[in-house]
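Here the protein sequences line up with chains A and B, keeping their order.
Heads up: the first sequence runs through residues 13 to 129, numbered per the numbering used here.
Heads up: the second sequence runs through residues 6 to 114, numbered per the numbering used here.
Quick reminder that beta carbons are idealized off the backbone N, C-alpha and C, glycines included.
Beneath this line is the structure, given in structure tokens, with notes to follow.
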Amino acid sequence: EPEVTQTPSHQVTQMGQEVILRCVPISNHLYFYWYRQILGQKVEFLVSFYNNEISEKSEIFDDQFSVERPDGSNFTLKIRSTKLEDSAMYFCASSALLSRDSNQPQHFGDGTRLSIL
Amino acid sequence: LAKTTQPISMDSYEGQEVNITCSHNNIATNDYITWYQQFPSQGPRFIIQGYKTKVTNEVASLFIPADRKSSTLSLPRVSLSDTAVYYCLARTSNYQLIWGAGTKLIIKP
Chain A
13 EPEVTQTPSH QVTQMGQEVI LRCVPISNHL YFYWYRQILG QKVEFLVSFY NNEISEKSEI
73 FDDQFSVERP DGSNFTLKIR STKLEDSAMY FCASSALLSR DSNQPQHFGD GTRLSIL
Chain B
6 LAKTTQPISM DSYEGQEVNI TCSHNNIATN DYITWYQQFP SQGPRFIIQG YKTKVTNEVA
66 SLFIPADRKS STLSLPRVSL SDTAVYYCLA RTSNYQLIWG AGTKLIIKP
């Protein structure tokens, strides 16, 4: 079964530095997402991406964050000027084109654990 | 905005049927109800989703009454490996998943 893959599995970065989290969505999927999960808390939506542009973003996704699909396979999340509170698991997900009557869920990677020191 | 509420935790025993009920507030008429399973240090894994009545797949059943104010995930004959956090989510028409706190299910031998 196709999978969403994320790299690295664990990223340790000094506060103030920039990080790029990488994701390879399932190849025939068209919608891409980033979520984060602070340790012990619920999953929080960050952003969705379709047709090379952001389709929706949450309040968390401020100017510190950006997303990009630099080529036909990767989907990246960049976090600039990292803060201690950015420490969390970051999950990438993808889904095929959805319509109301379809039944195609979001498929998640196993996440990148980001630790800001 | 849709919101889901489910029990924080549940215990059961191997071989039993487990039912986890979720209540939904402000579900739009075109919202699906989706359930995910999450093991520690892993991403959420899709279990089942439905719009109304009953949906069944190889791992679970989902019951959604006509008023769509709740849904019940049914796991038949659970095993120790079903110990995980289970999330009930509303999915809006623009595909954003609304996450609640989840139900931590512990299966005992």
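Exclusion of the five residues before and after T88 of chain A leaves I32, L33, R34, C35, V79, E80, R81, P82 as the residues of its chain whose Cβ lies within less than 8 Å of its Cβ.
Here DSSP, grouped into helix, strand and coil, assigns D87 of chain B to helix.
Interface flag for G52 of chain A against chain B is unset, since no Cβ pair is found closer than 7 Å.
Taking a contact as a CB-CB distance under 8 Å, the pair L126 of chain A and Q23 of chain A counts as one, their CB atoms being some 5 Å apart. When rounded, the separation of the alpha-carbon atoms in K8 of chain B and H29 of chain B is 6 Å. Annotated as proximal: I38 of chain A and P14 of chain A, with beta-carbon spacing under 7 Å.
The beta carbon of P12 of chain B is closer than 8 Å to those of I25, T26, T108 in its chain, skipping five residues each way along the sequence. For D72 of chain B, the closest C-alpha among the options B:S66, B:V64, B:K57, B:S17 is that of B:K57.
Residues of the segment 66-79 of chain B with a Cβ closer than 8 Å to any Cβ of chain A: none. In the structure shown, the three-state DSSP call for D16 of chain B is strand. For P114 of chain B and Y18 of chain B, the gap between their C-alpha atoms comes out near 6 Å.
By the neighbour-count criterion, in which 16 or more other beta carbons inside 10 Å mark a residue as buried, R48 of chain A falls on the buried side.
With respect to I53 of chain B, V83 of chain B sits apart: the two C-beta atoms are not nearer than 7 Å. Among the residues facing chain B, D122 of chain A is included, as its CB has a counterpart in that chain under 7 Å away.
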